[in-house]
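Here the structure comes first, spelled out in structure tokens, and everything after it is commentary.
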Amino acid sequence: MYAIAAHEFGHALGFAHEQNRPDAPAQCRAENAQGTTGDYNVTKYDPFSIMNYCNPTWNGDGKLSELDIEAVQKFYGK
1 MYAIAAHEFG HALGFAHEQN RPDAPAQCRA ENAQGTTGDY NVTKYDPFSI MNYCNPTWNG
61 DGKLSELDIE AVQKFYGK
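Numbering (UniProt numbering), first residue to last: 1 to 78.
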């Protein structure tokens, strides 16, 4: 439940699904496309993002990846 809440909070902050990005692996995009690509790519593609359905530990068990944290800090500050 915590992982889903953290993922949905990412949407509330304005983040789209990571797997929809044009630089995501083609197989990931094809199998998991959902929602929009977003307006900005703040960091490089993050396979471990809480916003990525292709994350090998789906939603990172509710833990933000280093690039998730970097993206939040770029938009909202430290």
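Where is the CB? At the ideal position from N, CA and C, for every residue including glycine.
What you are looking at is a predicted structure, and each value in this text was computed from that prediction instead of being measured.
Assuming Gln19 and Asn52 are in contact, meaning their beta carbons sit under 8 angstroms apart, how far apart are those beta carbons, in whole angstroms? Sequence index remark: in the sequence shown, residue 19 carries index 19 (1-based). Sequence index remark: in the sequence shown, residue 52 carries index 52 (1-based). A Cβ-Cβ separation of about 5 angstroms places Gln19 in contact with Asn52 under the 8 angstroms criterion.
Collapsed DSSP secondary structure at Gly35 in the structure displayed: For the purposes of this step, residue 35 is identified with residue 35 of the sequence shown, where counting begins at 1. In the structure shown, Gly35 sits in coil (DSSP, three-state: anything other than H, G, I, E or B).
Pick from Gln27, Leu67 and Gln34: whose alpha carbon is nearest that of Ser49? Stepping through the sequence shown from its first residue, residue 49 is reached at position 49. It is Leu67.
On a CA-only basis, which of Pro22, Pro56 and Ile4 is nearest Asn41? Give me that one, please. Position 41 of the sequence shown, counting from 1, holds the residue named residue 41. Considering only alpha carbons, the answer is Pro22.
Quick one: which unbroken alpha helix (DSSP H) runs of 4-plus residues sit fully inside the UniProt domain "Peptidase M12A" (2 to 24)? Chain order, please. 2 to 12
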